[in-house]
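The sequence shown begins at 35 in this note's numbering and counts up one residue at a time.
Just so you know, even glycine gets a beta-carbon here, dropped at the ideal spot from N, CA and C.
Predicted model only: the values in this text are computed from it and were never measured.
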Amino acid sequence: MEDLIDLCDEIEKNKLSLRIAYDVPQIYTAHLADSEEKYISLLYKTRGFRKFIGGVHLWGKSISRTGRKVSHCGDLTSYFGNNEIKVNFLKSFRDCFNDGIVRRMVLEVNSGNQDLQSIITDLISVGIKFM
């Protein structure tokens with residue numbers, strides 16, 4: 035997170051029109067997030083530089099036959115493995131980006147339309163709007 039904060043400071047200092055594409059699951063992986071507390075905490079920290087985020091990348095994970103988590107496959111239910119954690123993530127995600135700034139959303143799902151639609155439905159369920 036410190037590198038992102040430093041980047042945002044440079045963007046502001048140099049008055050650049052540059053914006054960040056923020057990959058939420060990649061941030062979680064980089065910070066070894068594996069608990070509800072960590073997921074929520076990282077989103078809360080994101081609020082400090084959210085005005086520099088122009089796009090958000092979000093995807094699911096599924097469990098393979100060997101038990102390994104597979105990125106870009108599955109939906110948020112399979113990603114979090116627990117509906118309560120998923121709902122709390124969704125609410126925190128909404129609150130993080132509920133600042134009046136329109137952003138691009140990149141949903142990367144390689145496992146089919148059903149998983150993609152599931153993520154969209156989850157986002158809409160907490161009040162996230164698509165334009």
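Point to revise | First and last residue of the uninterrupted alpha helix (DSSP H) at S152 | key: S152 -> alpha helix (DSSP H) spans N147 to S159.
**Study point:** Supposed close pair W93, V143 - CB separation, criterion 8 angstroms
**Key:** Confirmed, about 6 angstroms.
Review point. Cβ atoms of R137 and V90: under 8 angstroms apart, would you say?
Key: A contact, by the Cβ cut-off of 8 angstroms.
Practice item. Using alpha carbons as the reference points, say which of D156, N122 and Y56 lies closest to R81. Key: Among D156, N122 and Y56, the Cα nearest to that of R81 belongs to Y56.
Check your understanding: Going by the CB atoms, is the gap between K95 and S75 shorter than 8 angstroms?
Key -> Taking the C-beta atoms as reference points, K95 is found no nearer than 8 angstroms to S75.
**Study point:** Proximal residues to G108 (C-beta, below 7 angstroms), its chain only, five neighbours per side dropped
**Key:** These residues qualify, in order along the chain: G94, K95, S96, S145 and D149.
Practice item. Would you kindly report the start and end of the unbroken beta strand (DSSP E) that includes S96? Key: It spans K95 to I97 - the beta strand (DSSP E) in which S96 sits, taken as one unbroken run.
Point to revise | K103: first and last residue of the uninterrupted beta strand (DSSP E) it sits in | key: Taken as a continuous stretch (DSSP letters only), the beta strand (DSSP E) holding K103 covers K103 to S105.
Exercise for review: Round the Cβ separation of I135 and K85 to the nearest angstrom and send it over; I've been treating them as touching at under 8 angstroms.
Suggested key: Contact between I135 and K85 holds: their C-beta atoms lie close to 7 angstroms from each other, under 8 angstroms.
Check your understanding: What residue from S51, N147, N48 and M35 has the CA that sits closest to Y62's CA?
Key -> Checking every option, the nearest Cα to that of Y62 belongs to M35.
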